[in-house]
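Structure, as structure tokens:
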Amino acid sequence: MFIDIPSELETALAGLSLPPWELDGSSPAQTTVERYRTELAATPQFKEISAALRHALTGEDGGHAVLRLGGLAKALGSSDRFLRLATAFAAEVAVPFSPFPRWPLWKDIGVKIDKDPGKSSGIGYNAFHMDLVNATLPPDYTTLLCVRSDPLGGGLSILSDAHAAVARLSEDSRALLSEPAYHYGTFFDLHGVGEEYKPFPVLDGSTSEGFVRFTAKMLERSRLDHAHADAARDLAKELVRGQVSFMLQPGDYLIVNQRRFLHGREALHNGQEAVPVGDRRLLLQLFLRAPAGASSAEFGQRY
Ligand SMILES: O=C(O)CCC(=O)C(=O)O
Ligand SMILES: [Fe+2]
């Protein structure tokens, strides 16, 4: 679901000078959010684009969107001004926050040759997962802003409808996935995402809006018993069967509703060693929390 910015709106947005955001704890302060909202609301066609964005994320069959901010990225460079605009769009969807107390609001995902290739900023296949899978309250949305694509042409983004994949599984697999038999990763110094959930069930038995608490990375990195691992492998296969893939271009802003879609990334192209660090793929990541009890559509209409 790609959302283009009409040129009239693009011109108006490029002309805004949003102030730097103030933080209140780990989120932008309310004064900042209101200022951003007011400024954006005054631009032509903004309301339509904002509504389209929320519909893509929360409407029936929705769950993800790519907002194409490439024109603005070109006009503004990857400057603070551009990042403020992206933050303002994010704040239209839900509440931006950083779960990592010592890190800035936006976290760099660069390319590190020496890292576990299957993890964030590694060079390999980053298998289907949700972010902060082992927290009791994972972020409702994970968002990735593309600064640079892989200059060698790898690193397609992959997405899959988690509930659709679950619906294709056998009852036996679903029953196993509903048991608290799964665990993954560490939980350290995190903020605003509840507590460590260990062991967790992949399916919490609730509605279609419940998280499918899954990461295919646990198949290789966690010790799981045979039956539960097999069920998880079935789900991983169905996710791949239902996947869509696309290349994020500079300025593309991918927003994923983690209650509906799982995400990942194909391997970067071979030969990253030869690419200067400053030319390698670079994404910026930001997490969003939907206000308690409100769908995002309602959230947007309140302002
Ligand atoms: O590199 C990507 O495109 C995705 C990274 C990711 O999913 C993560 O770091 O959690
Ligand atoms: Fe991720």
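The opening residue of the sequence shown carries number 1008 in the numbering used here; numbering runs sequentially from there. Positions of the beta carbon are idealized from the N, C-alpha and C atoms, including for glycine. This structure is a prediction, so every number in the text was calculated from the model and none was measured.
Secondary structure within the region 1157 to 1215: the alpha helix (DSSP H) runs of 4 or more consecutive residues, fully enclosed, are 1169 to 1174, 1178 to 1184 (chain order). A distance criterion of 6 Å places the beta-carbon of Arg1287 beyond contact range of ligand 1, judged by its closest non-hydrogen atom. From the listed residues Ala1238, Thr1150, Glu1280, the smallest Cα separation to Ala1172 is found for Ala1238.
Per DSSP, Val1118 is not a residue of any alpha helix (DSSP H), being assigned neither H nor E. Beta-bridge partners assigned by DSSP to Asp1259: Arg1075.
In this structure, the beta-carbon distance from Pro1283 to Arg1155 does not fall below 7 Å. The C-beta of Glu1067 has fewer than 16 other C-beta atoms within 10 Å across all chains shown, which makes the residue exposed. Judged by beta-carbon spacing, Arg1181 lies beyond the 7 Å limit of Glu1245, meaning their Cβ atoms are not closer than that value.
Each of Thr1143, Gly1032, Ala1188 was checked against the Cα of Arg1230, and the nearest Cα belongs to Ala1188.
A heavy atom of ligand 1 is found nearer than 6 Å to the CB of Ile1116. Three or more Cβ pairs closer than 8 Å define a contact, and the region 1247 to 1265 falls short of that threshold against the region 1196 to 1212. Taking C-beta atoms under 8 Å as the contact rule, Ala1021 and Leu1079 qualify, at a distance of about 6 Å.
Proximity to Phe1218 across Gln1265, Thr1045, Arg1287, Phe1195 peaks at Gln1265, based on C-alpha coordinates.
In the DSSP assignment, Asn1133 is bridged to Arg1272. Within a 10 Å sphere around the beta-carbon of Trp1110 sit fewer than 16 other beta-carbons, which makes this residue exposed. Put simply, the backbone Cα of Val1247 is about 24 Å away from that of Phe1294. In this structure, Ala1297 and Ala1101 form a Cβ contact; the two beta carbons are roughly 5 Å apart against a cut-off of 8 Å. Tyr1148 places its beta carbon 7 Å or farther from that of Ala1095. By the neighbour-count definition (other C-beta atoms within 10 Å, threshold 16), Ala1049 is an exposed residue. Excluding the 5 residues flanking it on each side, Ala1059 has same chain C-beta neighbours closer than 7 Å at Ile1010, in chain order. DSSP, read as helix, strand or coil, puts Val1102 in strand. Leu1023 sits in coil when the DSSP states are folded into three classes, being neither helix nor strand. When distances are taken from the beta-carbon of Asp1138 to the heavy atoms of ligand 1, the shortest one is below 6 Å.
For Val1284, the secondary structure class from DSSP, reduced to helix, strand or coil, is helix. Residues Asn1141 of the same chain have their beta carbon placed closer than 6 Å to that of Gly1192, with the five preceding and five following residues left out of the count. Rounded to whole angstroms, the gap between the alpha carbons of Lys1122 and Phe1135 is 18 Å. Of the residues assessed, Asp1157 falls on the buried side of the cut-off, its CB having 16 or more other CB atoms within 10 angstroms. Taking 6 Å as the cut-off, the C-beta of Ser1105 does not count as close to any heavy atom of ligand 1. Residue nearest to Leu1025 within the set Phe1194, His1062, Ala1274, Leu1092 is Leu1092 (criterion: CA-CA distance).
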